[in-house]
Amino acid sequence: MFHLQPGQPLGNDRQSWGDELLGSIPNVYVYAANNPSESILAKRRAYGTLVSYNVPPYGRAGLYLELASLKDLIGEYRIGASSDLKQPIWSTCQRCGIDTDVPLLLVEGDDESKVIEPELPESLSPDIFDRWIKRLADYLEVLQERLFSSGLHVLGDKPSVDDLRSFLSAYFDDKLTEEEYEKILKYEQRDGDREWNLLDLLADFVKNFVSHFDNQEEEDNNDSIATARDIVSLLNRNTEELDGVLNLLDGGYIPPAPGGDLLRDGASVLPTGRNIHALDPYRMPAEGAWIRGQSIAEETIRQHLADNDGAYPETIACTLWGLDTIKTRGESIAIVLALVGAKPVKEGTGRIVRYDLIPLEELNRPRIDILASLSGIFRDSFANVVDLLDDMFERCAIANEPVEMNFVKKHALALSNDGVERPAARLFSNPPGDYGSMVNEVVGSGDWDDAESLGETWKGRNVFSYGRNEGSAEGKSGTARPDVLEKLLTTTDRIVQEIDSVEYGLTDIQEYYANTGALKKAAENRKPIDNATNKRKAVALSVVEAFSSPSESDGNAVPVRNVEDVLRLEYRSKFLNPKWRDAMINQGSGGAYEVSQRMTAMVGWAATASVDNFVFDEAAERYALDEDVAKKLQKANPEAFKNIVRRLLEASGRGMWETDDDTLNKLREMYSDVDDTIEQVR
């Protein structure tokens, strides 16, 4: 991790740790093809020559255990519409926790707003119950079709026929027929499982030759099938990953290729085993990203108005990360511009040179103020975008507009009246040359007092303002501006976070809760306490899955969901899913480590947002209380299993999870046993 050590952001000097640690040693860096963002940093700050590797095959979540039973009950109800099934369906929903995601609503005309929890659902009218059944079935369909990474990728391994099928199924969204899959994959020979049959090959050749004259739509003219065959051919070149490493160690040349993932960027990111690069930072947001960003911004505002009796948010905190910026071509930048009411301006070559304010009469709503939370990688990789945004905020703060229609100006004036310098600063990140909020380190160590302290850890690490108007005597960009950050946190009413791909969601890595979750907590720390609940007002966190498409169920808008809904959706489709669990456990020590990391992230989310009790219940059941699974995990990686049990006990001790004494005693005994085992090995 030389590229994350202290030093200059865009190139090393003699004081940079990367330069000191590496010296003249070549840095061969094997890197995930779907992470071009951090890989750029490895080149700039650690002299890395990259060899990319592929992502694991995709799996579909499907339905399992009581979720599968629930679908069957719905099917039976729809066939017979028997009122006898109303109570079993409702009871199953309550046991699964789905009544939270799809509450039973009392319909008053067209207003589906009043939530009820009937003790006797069979007493409800068929119209009310049937509407709810439709929403419930739609939710199960979404859950069933969710994609996840199945297991781990092995460097240089060719995918199996099943793996190839899973890649194609995810890419084409099951638009190909079974017959077409058979044609595409028929002659994929794998490890002696299939032997070549020359007579079969000859028969197929004759059949296809004859059909060429009978059918004007020759198979290879089918774009989807041709694309699928290209993808299969390129995936079979995974072996070039190891070839690339050996070639590089021998001083050879590694050909370049764009970084990205198959589902978003198509076959251009294949084959792997390449020296990956990103995109032109002077063309962001791209046209498609600008269109989607505007849609996301308007949907976010619409949801906020609906949740807050028509009141506009004064400040929305937006996370700008390098990875999602590259993979979406600047969608998160477009969201920021659209919320403020600005647009990109291009020069003749197509490069973006300025972000101009849209006139208020055209915008037709107030300008929303922004707290832009920059990852260290975004800050360093897209300095031109940072400067353009900074310039836009400066102009917005002095625009000749009423403050009730320009919240940037409203807050900047208040800060200026208090004598605060640079009141229009809106772009905040870690100290110059440094990376990360440190919240994940604190959660990982278990050495933290309460959730509020995690928010303050985030604030202390993100107090530095960036832009063309910032700098220091040492020439490094970035100035600590705690007063401005404090004002923005105090006025933050909502947060927006994009997820760029299906491979890594909120629950898969530590960075989401450590940055966005902790930002949410930092903003909530500054909200007044509600006398009725004795709690501070919650700050909503809107999550945008950038890989998703508009759907009818979302009113043909880009889906923008609350973090609590996305967490439940992710946990059900992945971490609590036996299919995901078994695929990961089959990867041995590495798989056990991944399970362990997600258990730590669960505690992080429980601290900074919320995790439902049923999630901890089922996690304990799947990974600790299942004797067979526990044995496999402990054998594969005792330290990882110890952490799994430790996090469950920690969740109970911190009041995040309510469970019975018998369960806790079993977990304590497990923890003691695995601890003894590890000590004996040492």
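Okay, so the sequence shown: first residue is 1 according to the UniProt record's numbering, each after it adds one. Virtual Cβ for every residue (Gly too), placed ideally from N, Cα, C.
A residue is called buried once 16 or more other Cβ atoms fall within 10 Å of its Cβ, and residue 508 is buried on that count.
Of the residues 255, 575, 548 and 604, the one whose Cα lies closest to the Cα of residue 516 is 604. One thing to note: residue 560 has its Cβ no nearer than 7 Å to the Cβ of residue 609.
As the crow flies, the alpha-carbon of residue 646 is around 16 Å from that of residue 631. With a beta-carbon spacing of about 5 Å, residue 424 and residue 394 fall inside the 8 Å limit used to define contacts.
In the same chain as residue 618, and ignoring 5 residues on each side of it, the C-beta atoms closer than 7 Å to its own belong to 576, in chain order. DSSP places residue 482 in the helix class (H, G or I) of the three-state scheme. For residue 370, the enclosing beta strand (DSSP E) begins and ends at 369-374.
Taking a 10 Å sphere around the C-beta of residue 26, we find fewer than 16 other C-beta atoms and assign the residue as exposed. Secondary structure at residue 30: strand, using DSSP grouped into helix, strand and coil. Below 8 Å, enough C-beta pairs join the stretch 328-339 and the stretch 283-294 to call them touching: three or more.
Rounded to whole angstroms, the gap between the alpha carbons of residue 29 and residue 670 is 38 Å. The stretch 263-279 makes contact with the stretch 233-245: 3 or more CB pairs, one atom from each, lie closer than 8 Å. It is roughly 11 Å from the alpha-carbon of residue 381 to the alpha-carbon of residue 374. The beta carbon of residue 427 lies closer than 7 Å to those of 372, 374, 386, 389, 390, 465, 466 and 467 in the same chain, with the five residues before and after it left out.
Classified as exposed, residue 349 has fewer than 16 neighbouring CB atoms from the shown chains inside 10 Å of its CB. The criterion of a C-beta distance shorter than 7 Å is not satisfied by residue 500 and residue 633. Taking 8 Å as the upper bound for CB-CB distance, residue 227 and residue 267 are in contact here, some 7 Å apart. Straight across, the Cα-Cα distance linking residue 366 with residue 156 is about 54 Å. Take residue 384, set aside five residues on each side of it, and the residues of its chain with a beta-carbon closer than 7 Å to its own are 281 and 282, in chain order.
Secondary structure at residue 269: helix, using DSSP grouped into helix, strand and coil.
Annotated three-state conformation of residue 507 is coil, per DSSP.
Here residue 304 carries a helix assignment [DSSP, helix/strand/coil]. Taking 7 Å as the cut-off, the beta carbon of residue 494 is found no closer than this to the beta carbon of residue 277. Spanning the alpha carbons of residue 463 and residue 369 requires a straight line of approximately 17 Å.
Shortest Cα-Cα distance from residue 132 to any of 181, 409, 668 and 101 involves 101. Residue 392 and residue 360 have their C-alpha atoms roughly 15 Å apart. For residue 66, the enclosing alpha helix (DSSP H) starts and ends at 65-80. With contact defined as three or more Cβ pairs closer than 8 Å, the stretch 633-643 and the stretch 593-602 are in contact. Short of 8 Å from the beta carbon of residue 629, and not among the five residues preceding or following it, lie these beta carbons of its own chain, in chain order: 581, 585, 622 and 623. A distance below 6 Å between beta-carbons, with the five flanking residues on each side excluded, links residue 459 to the following residues of its chain, in chain order: 522.
For residue 493, the enclosing beta strand (DSSP E) begins and ends at 492-499. The shortest CA-to-CA distance from residue 625 to any of 588, 377, 538 and 663 is the one to 663. Checking the DSSP bridge columns, you'll see residue 357 partnered with 342. Restricting attention to alpha helix (DSSP H) runs no shorter than 4 residues, the stretch 366-435 encloses them at 376-381, 383-397 and 407-417, ordered along the chain.
Annotation: residue 526 is outside any beta strand (DSSP E) and is labelled neither H nor E by DSSP.
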